[in-house]
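According to our numbering, the residues represented by the sequence shown are 92 to 324, in order.
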Amino acid sequence: MFLRSKKFNVKKGFEQLKNYSYQRHILMNYYGFIFTDKVMPALHHNICGILPKRDQEGRAIIYFLPNKFTPDICEADDVLRALQVLAHFVLKFPATQVSGLALISDAKVESLQTVQLVFRYVKSLLPSVQALPARFQSINIMNTNVFARTGFAILRHLIPSKLIGRITFHESNDKALLAHFDASLLPTEFGGTMGPLSKVSEHYFNELKEFIPPFRASSQYFKRKDTIPFPDG
C-alpha cells in the first residue's frame, strides 16, 4: 500500500510508513477511541460518507458536508473519527491504492458549529493527510463564497502544497460538479441522477460496521510508552 502510494519508490514508501506510524501514535485520541455507535451517526446523517461508484478515473469518492453537523447528532471529534474510518476503509481496496481518492465537500456555513468543525479538522487532522498511503487526486468544494475563500487563505499554510493545486472551488451552482463527474455517479443533492443522498449513502454501511472494530483494535500496534491509554480491542 505504501509502495503504491509512492509509485514503488522504496525509500519514499518507507518514510511514509514511519510518518504514518507516528501519526497513529500522536493521534491516538482519535484512532484509539473509534467506536461503531459513536461514528455511525455521522454517516447516518450524511455528514460524511462514500459514494457507491468510483469516478471515471477509478477513484473512490468521499464526501464531507460539515454544514449538516449539529452537536445533537454526535460530538465533533466523532465526525473526525468517521473521516479517518472512511479514508482507511477505501484504502483496503487495491483500486483505491492505484487510482486514489476524490473528495467532495460543501463550504456552506449555516451555524457556528460548522465553522468550529472545519477549523478543528484543518488544525487537528489535515496536516496528517500526507502520512496516509492515499493520493487525493481531486478536491471539489461546493458553495464557496468570499468568506470561504478568506478562510481558505488563512488556513492555506496548514494544507500540504500538493493538495492546494488539486482543489477546485465552485459557487452556488447545483450542476457545477457535472464538469468533473458523470451525473450517474452523483446523488441528487450533488446535481446527479443516482437518487437522494439519504439512500445512496447506505451502500457501505454494513461493511463499515464490520470494518470499525478491527480498525480500532489495530491501534494496539502503534502504542508507545507515552501513548495515551485507550480501551483494548
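Glycine is no exception: its CB is placed at the ideal position from the N, C-alpha and C atoms.
Bear in mind the structure is a predicted one, so any value in this text is a computation, not a measurement.
**OP:** Flag this pair as touching only if the segment 112-132 and the segment 273-289 have three or more C-beta atom pairs under 8 Å; answer yes or no.
**Re:** no
Original post:
Buried or exposed: where does residue 171 fall if 16 or more other Cβ atoms within 10 Å of its Cβ makes it buried?
Top reply: In the sequence shown, counting from the first residue as 1, residue 171 sits at position 80. Residue 171 should be labelled buried.
Original post:
Roughly how many angstroms separate the alpha carbons of residue 148 and residue 220, rounded to a whole number?
Top reply: Locating residue 148 in the sequence shown gives position 57, where the first residue counts as 1. Locating residue 220 in the sequence shown gives position 129, where the first residue counts as 1. Roughly 21 Å separates the two Cα atoms.
**OP:** Can you have a look at residue 146 and say buried or exposed, based on whether 16 or more other CB atoms are within 10 angstroms of its CB?
**Re:** Along the sequence shown, read from residue 1 onward, the residue named residue 146 stands at position 55. That one is buried.
**OP:** Look at the alpha carbon of residue 117 and the alpha carbon of residue 107, and state the distance between them as a whole number of angstroms.
**Re:** Counted from its first residue, the sequence shown places residue 117 at position 26. Counted from its first residue, the sequence shown places residue 107 at position 16. So the two alpha carbons sit approximately 15 Å from each other.
Original post:
Going by beta carbon distance, what residues of the same chain come within less than 7 Å of residue 263, once the five residues before and after it are set aside?
Top reply: On the sequence shown, residue 263 is found 172 positions in, with the first residue counted as 1. Closer than 7 Å at Cβ, skipping near neighbours: 234.
**OP:** Determine the extent of the alpha helix (DSSP H) in which residue 104 is found, giving its start and end residues.
**Re:** Start at 1 with the first residue of the sequence shown, and residue 104 comes out as number 13. Counting along the chain, the alpha helix (DSSP H) containing residue 104 begins and ends at 101-117.
Subject >> the segment 194-211 contacting the segment 173-185, beta-carbon criterion three pairs below 8 Å >> reply: no
Original post:
Is residue 313 helix, strand or coil by DSSP?
Top reply: As a position in the sequence shown, residue 313 is number 222, starting the count at 1. Helix at residue 313.
**OP:** Express the C-alpha separation of residue 179 and residue 254 in angstroms, rounding to a whole number.
**Re:** Numbered from its first residue, the sequence shown carries residue 254 at position 163. Numbered from its first residue, the sequence shown carries residue 179 at position 88. Rounded to whole angstroms, residue 254 to residue 179 spans 18 Å at the Cα level.
Original post:
Leaving out five residues before and five after residue 365 in sequence, what residues of the same chain have Cβ atoms less than 7 Å from its Cβ?
Top reply: Residue 365 is absent from the model: the chain starts at 92 and stops at 324.
Original post:
Can you pull the DSSP bridge partners for residue 233?
Top reply: As a first step, residue 233 must be located in the sequence shown, where it is residue number 142. Looking at the DSSP assignment, residue 233 forms a beta bridge with 197.
Original post:
Are the beta-carbon atoms belonging to residue 103 and residue 97 less than 8 Å from one another?
Top reply: If you number the sequence shown from 1, residue 103 lands on position 12. If you number the sequence shown from 1, residue 97 lands on position 6. Cβ atoms of residue 103 and residue 97: closer than 8 Å.
Original post:
How is the beta strand (DSSP E) around residue 154 delimited, first residue to last?
Top reply: Position 63 of the sequence shown, counting from 1, holds the residue named residue 154. Taken as a continuous stretch (DSSP letters only), the beta strand (DSSP E) holding residue 154 covers 151-155.
Original post:
Is it true that the CB of residue 299 sits closer than 8 Å to the CB of residue 285?
Top reply: Along the sequence shown, read from residue 1 onward, the residue named residue 285 stands at position 194. Along the sequence shown, read from residue 1 onward, the residue named residue 299 stands at position 208. Contact: no.
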